[in-house]
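Take a look at the structure below.
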Amino acid sequence: MAKKNASAGGHALVIVESPAKARTIGKYLGPGFTVEASVGHVRDLPQGAAQIPAKYKGESWSNLGVNVNEGFAPIYVVPPGKTKQINLLKSKLKEADTLYLATDEDREGEAISWHLLEILKPKVPVHRLVFHEITKDAIQKALESPRQVDDGLVRAQETRRILDRLYGYEVSPLLWRKVRPKLSAGRVQSVAVRLIVERERERMAFVSATWWDLIAGFAKQDGQRLDAVLNTVEGRRIPLGKDFDPSTGKLKDERLLQMDGDAARALAAKIRSGDFRVTKVEEKPYTSKPYAPFTTSTLQQEANRKLGMTARRTMQAAQSLYENGHITYMRTDSTNLAAVAIEDARSLVKEQYGEKFLPSQPRTYTGKVKNAQEAHEAIRPAGHPFPLLEEMTSKLGSDEAKLFDMIWKRTIASQMEDARGRRISITIEGEGCAFSVSGKTIDFPGYLRAYVEGSDDPDAELADQEKILPSVVEGEALKCVELDPKEHSTQPPSRFSEAALTKALEERGIGRPSTYASIIDTILARNYVFKKGGALVPTWVAFSVVKLLEDHLGGLVDYQFTAQMEDDLDAISRGERKYVDYLSDFYFGGDKSGSANGGPARPGLKQQLENKIDEIDARTISRISLGKAEDGEEVFVRVGRYSPFVEKGERTASLPEETPPDEVQLKFALDLLAQADRAEEPLGICPETSQPVYIKVGRFGPYVQRGATEGEEKPKNASLLKGMTVEEIDFATALRLLSLPRNLGDHPKLEAKIVAQNGRFGPYLKCGEETRSLPADLSPLDVTLEQAIELLNQPKQRGRGRGAPKEPIKVFDAPSPVTEQKIQMLDGRYGPYVTDGETNASLPKGVKPEELTFQDALNLLADRAAAGGSKKKKAPKKKAAKKAAKKAPAKKKTAKKKAAKKSPE
Numbered sequence: 001m002a003k004k005n006a007s008a009g010g011h012a013l014v015i016v017e018s019p020a021k022a023r024t025i026g027k028y029l030g031p032g033f034t035v036e037a038s039v040g041h042v043r044d045l046p047q048g049a050a051q052i053p054a055k056y057k058g059e060s061w062s063n064l065g066v067n068v069n070e071g072f073a074p075i076y077v078v079p080p081g082k083t084k085q086i087n088l089l090k091s092k093l094k095e096a097d098t099l100y101l102a103t104d105e106d107r108e109g110e111a112i113s114w115h116l117l118e119i120l121k122p123k124v125p126v127h128r129l130v131f132h133e134i135t136k137d138a139i140q141k142a143l144e145s146p147r148q149v150d151d152g153l154v155r156a157q158e159t160r161r162i163l164d165r166l167y168g169y170e171v172s173p174l175l176w177r178k179v180r181p182k183l184s185a186g187r188v189q190s191v192a193v194r195l196i197v198e199r200e201r202e203r204m205a206f207v208s209a210t211w212w213d214l215i216a217g218f219a220k221q222d223g224q225r226l227d228a229v230l231n232t233v234e235g236r237r238i239p240l241g242k243d244f245d246p247s248t249g250k251l252k253d254e255r256l257l258q259m260d261g262d263a264a265r266a267l268a269a270k271i272r273s274g275d276f277r278v279t280k281v282e283e284k285p286y287t288s289k290p291y292a293p294f295t296t297s298t299l300q301q302e303a304n305r306k307l308g309m310t311a312r313r314t315m316q317a318a319q320s321l322y323e324n325g326h327i328t329y330m331r332t333d334s335t336n337l338a339a340v341a342i343e344d345a346r347s348l349v350k351e352q353y354g355e356k357f358l359p360s361q362p363r364t365y366t367g368k369v370k371n372a373q374e375a376h377e378a379i380r381p382a383g384h385p386f387p388l389l390e391e392m393t394s395k396l397g398s399d400e401a402k403l404f405d406m407i408w409k410r411t412i413a414s415q416m417e418d419a420r421g422r423r424i425s426i427t428i429e430g431e432g433c434a435f436s437v438s439g440k441t442i443d444f445p446g447y448l449r450a451y452v453e454g455s456d457d458p459d460a461e462l463a464d465q466e467k468i469l470p471s472v473v474e475g476e477a478l479k480c481v482e483l484d485p486k487e488h489s490t491q492p493p494s495r496f497s498e499a500a501l502t503k504a505l506e507e508r509g510i511g512r513p514s515t516y517a518s519i520i521d522t523i524l525a526r527n528y529v530f531k532k533g534g535a536l537v538p539t540w541v542a543f544s545v546v547k548l549l550e551d552h553l554g555g556l557v558d559y560q561f562t563a564q565m566e567d568d569l570d571a572i573s574r575g576e577r578k579y580v581d582y583l584s585d586f587y588f589g590g591d592k593s594g595s596a597n598g599g600p601a602r603p604g605l606k607q608q609l610e611n612k613i614d615e616i617d618a619r620t621i622s623r624i625s626l627g628k629a630e631d632g633e634e635v636f637v638r639v640g641r642y643s644p645f646v647e648k649g650e651r652t653a654s655l656p657e658e659t660p661p662d663e664v665q666l667k668f669a670l671d672l673l674a675q676a677d678r679a680e681e682p683l684g685i686c687p688e689t690s691q692p693v694y695i696k697v698g699r700f701g702p703y704v705q706r707g708a709t710e711g712e713e714k715p716k717n718a719s720l721l722k723g724m725t726v727e728e729i730d731f732a733t734a735l736r737l738l739s740l741p742r743n744l745g746d747h748p749k750l751e752a753k754i755v756a757q758n759g760r761f762g763p764y765l766k767c768g769e770e771t772r773s774l775p776a777d778l779s780p781l782d783v784t785l786e787q788a789i790e791l792l793n794q795p796k797q798r799g800r801g802r803g804a805p806k807e808p809i810k811v812f813d814a815p816s817p818v819t820e821q822k823i824q825m826l827d828g829r830y831g832p833y834v835t836d837g838e839t840n841a842s843l844p845k846g847v848k849p850e851e852l853t854f855q856d857a858l859n860l861l862a863d864r865a866a867a868g869g870s871k872k873k874k875a876p877k878k879k880a881a882k883k884a885a886k887k888a889p890a891k892k893k894t895a896k897k898k899a900a901k902k903s904p905e
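In UniProt numbering, the protein residues as written are 1 to 905.
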């Protein structure tokens with residue numbers, strides 16, 4: 001009926017979230033439809049006092065943006081920069097006789113549709129369109145069976161938004177007062193940080209253990225060789241890593257044989273020429289089933305493991321694939337595939353791999369999600385039939401192609417036969433010792449022909465690959481041709497990668513997989529976590545925050561309590577719980593506070609926070625004990641207002657930023673304190689200024705200083721050059737560092753002094769307006785005038801300093817709804833920033849340029865505009881020409897000259 005109305009002369013307005021999605025859907029709809037984008041959310045709770053409407057500003061609850069006294073009624077405002085887009089939608093609605101809301105089918109998408117209804121107040125029929133892929137068939141089916149906005153999903157989203165606002169706005173100020181300004185607390189983010197901190201605590205408490213075994217090379221009579229590992233000596237088993245206590249480094253079972261290097265070498269010498277025979281050959285068949293198609297969580301995990309992509313980057317690429325009609329909806333908890341998708345996958349298995357790879361019956365997968373409030377299919381290629389992989393990847397960008405390749409192969413593999421093979425174990429004995437070796441033979445690869453899953457443990461994955469052993473029989477004699485002692489050490493538990501954190505959160509039922517990318521972004525931006533390789537390392541600030549929450553607000557970071565919240569939100573979406581009652585229980589407390597099943601009473605958030613300002617000792621919260629020194633005095637890491645430092649009594653020493661906490665053991669801290677003590681003693685007295693010269697360590701690392709800090713004259717500092725260590729800095733080297741910048745002499749052509757100096761981005765030369773970076777093998781302390789002239793005579797390399805205008809890092813598909821100009825990401829003096837032609841906004845710390853979406857850019861620009869900057873400077877208006885006509889031409893000529901001079905061309 002909807003299609004008839006449109007094609008019979010009527011006109012329908014379709015609203016989606018993004019311009020890219022609008023363009024794709026527009027291709028499948030006829031001339032009777034106009035497709036526009038809301039460009040994300042159109043209303044939200046106020047961000048800061050400036051956005052609170054005047055009539056609410058006197059209310060005690062106004063800072064929350066939620067009337068906690070009357071039914072938790074939220075204040076909704078239109079975010080800065082959205083008014084123009086809303087006016088556009090209103091004008092388009094006036095021309096339409098039907099409105100279709102085609103936002104995503106999840107809580108957020110449903111809420112956007114509801115907010116659009118609240119703002120647009122349509123007087124025409126309204127229909128809600130839902131589909132899981134943007135294809136012609138899917139759009140047609142959605143038009144044929146529209147529905148109404150789901151109030152349950154809207155209430156669940158609203159409850160989640162209000163709950164997160166209450167949590168964040170009530171708890172965060174406590175962190176500002178007791179830990180450090182500009183921190184934030186969050187329902188899921190704080191629990192994620194706690195997980196990361198707990199893992200680091202385990203690493204800090206870990207005591208390593210070492211043990212030795214033997215690797216033996218055995219040869220058959222025909223020369224074939226197999227290597228085996230020592231298992232037992234005189235019946236005593238050689239330990240494995242799991243046999244040691246991680247907190248003491250000692251064996252859990254003293255009956256095991258823990259050899260050191262000398263014992264292992266002595267044993268090797270003793271048994272090397274002995275007689276050895278095969279005493280056991282065991283062969284067991286195995287089967288391996290294919291993995292389920294991707295959910296949001298497993299896609300993020302696998303992209304991180306296999307492609308090294310962050311959760312944000314993965315979701316950005318997936319969003320692009322979805323909006324352009326290449327995959328189904330990418331926010332889903334389901335592993336289910338539609339019947340037509342199973343049919344397509346099985347057809348491709350038969351065509352591309354052969355009949356023997358196709359099981360007799362379709363495979364089905366069931367998820368563990370209690371409430372399928374997200375999309376009801378797994379992530380798979382869109383369309384019917386599936387496109388061929390080679391046809392698609394050539395049309396896509398780099399990230400999109402890699403992700404589509406993975407999704408396509410995983411979907412096809414999910415409908416393939418099991419992999420089958422045999423595991424073979426061989427035991428070799430002689431001279432009172434037993435050695436063992438295991439092999440794996442793949443008889444039929446099955447689904448592995450299409451897809452092999454990545455692993456959080458690359459070593460384990462490597463060990464599980466096919467390993468074919470030579471054929472042996474029990475009783476067969478073998479010759480020992482090689483015997484090597486090998487040392488092993490137990491390793492602390494691995495830190496979380498993005499994939500591992502995502503998996504841990506999902507396993508505990510904390511948060512939604514679709515939000516994990518933003519959670520990881522937030523904890524990085526708030527300096528709770530930094531990355532070392534692919535691992536998430538907590539900062540000392542995170543330790544302090546978690547300590548405060550655990551000691552004083554334990555329920556808020558309790559894993560089970562947080563997971564229960566998700567179940568409660570699901571119950572609200574199904575209409576099984578009343579959202580006002582739930583919010584009241586959470587905030588004020590109640591008999592069933594926070595529990596849908598009527599668990600033990602919990603105090604509400606407000607009650608838990610009462611008197612915490614007076615009760616919590618900031619000094620205690622900011623100190624993390626490292627143990628006691630030999631003199632019995634305790635040593636701490638203290639979280640300072642600007643940076644962490646080590647403390648022992650009255651002595652302190654700066655702790656370099658981003659030093660992993662597990663590396664800050666007691667000895668490390670005492671060394672820093674000793675280094676700080678040495679810093680109080682000067683290396684010498686500068687012969688030119690008669691001031692003392694020191695070597696010091698600050699929050700950004702070691703540096704040299706001339707002059708006392710407490711003196712009237714500000715001391716001069718100089719950073720160490722890259723590769724220098726504190727130990728190699730003597731008085732002469734310190735003086736040379738303080739001599740920078742060095743005047744090398746005049747340039748014969750540029751007629752300016754050449755100066756060598758060490759800058760923020762490394763050592764460089766400066767001559768007038770010209771600059772050149774120094775190569776790695778040339779120090780600013782040693783570069784000669786001749787070398788400098790040669791470098792300055794070479795063309796300037798792109799990348800730093802002035803020069804030809806840089807190409808944009810990225811140009812977004814859609815123009816700004818505010819300025820109607822293209823939105824670009826540029827590389828500025830202080831790092832990447834986005835601009836819409838009028839407003840510039842820097843990227844937050846920890847956010848990588850390739851991960852920023854169009855919606856992220858809009859939000860950054862809107863926030864920056866709301867804060868009152870940073871507007872691009874407009875060219876000053878030309879002053880009206882004076883009446884003296886004779887002088888006017890000369891002024892025009894000057895203006896042209898100035899314009900030509902300013903032009904980057």
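C-beta: ideal position from N, C-alpha, C; glycine also.
Alpha-carbon spacing of residue i relative to residue j, whole angstroms
i: Pro359; j: Asp253; result: 48 Å
i: Gly439; j: Arg313; result: 38 Å
i: Ala303; j: Ala776; result: 35 Å
i: Arg160; j: Lys848; result: 28 Å
i: Ser341; j: Met330; result: Checking the displayed sequence, the identity of residue 341 turns out to be Ala instead of Ser. Going from the Cα of Ala341 to the Cα of Met330 covers about 16 Å.
i: Lys284; j: Gly421; result: 9 Å
i: Glu770; j: Val811; result: 30 Å
i: Thr335; j: Ile379; result: 8 Å
i: Gln47; j: Arg165; result: 10 Å
i: Asp245; j: Phe496; result: 21 Å
i: Ala460; j: Ala500; result: Unreliable placement is indicated for Ala460, whose pLDDT of 42 sits below 50; the coordinate value is still reported in the next sentence. Roughly 15 Å between the two C-alpha positions.
i: Ser643; j: Thr522; result: 20 Å
i: Ala12; j: Arg574; result: 31 Å
Residue i and residue j closer than 7 Å at C-beta
i: Gly701; j: Pro656; result: yes
i: Gly446; j: Asp418; result: yes
i: Leu99; j: Pro74; result: no
i: Ala756; j: Pro795; result: no
i: Leu120; j: Pro146; result: no
i: Leu858; j: Thr839; result: no
i: Ser436; j: Glu282; result: no
i: Leu740; j: Cys767; result: no
i: Asp333; j: Thr295; result: yes
i: Ile510; j: Val191; result: yes
i: Tyr451; j: Arg508; result: no
Residue(s) in a DSSP beta bridge with residue i
i: Ala216; result: Ala228, Leu483
i: Val726; result: Partner(s): none; Val726 has no beta bridge.
i: Cys686; result: DSSP output for Cys686 lists no bridge partner at all.
i: Trp211; result: His488
i: Met259; result: Trp212
i: Gly762; result: Gly759
Among the options, the one whose alpha carbon lies nearest that of residue i
i: Asp344; options: Trp61, Trp408, Pro181; result: Trp408
i: Leu609; options: Ser60, Pro53, Leu174, Ile215; result: Leu174
i: Gly383; options: Ala629, Ser719, Gln787, Gln140; result: Gln140
i: Pro80; options: Val66, Thr725, Glu108, Gln51; result: Gln51
i: Phe530; options: Asp856, Lys628, Thr659; result: Thr659
Whole-Å CB distance - residue i paired with residue j, under 8 Å assumed
i: Glu400; j: Ser320; result: 6 Å
i: Pro485; j: Leu214; result: 6 Å
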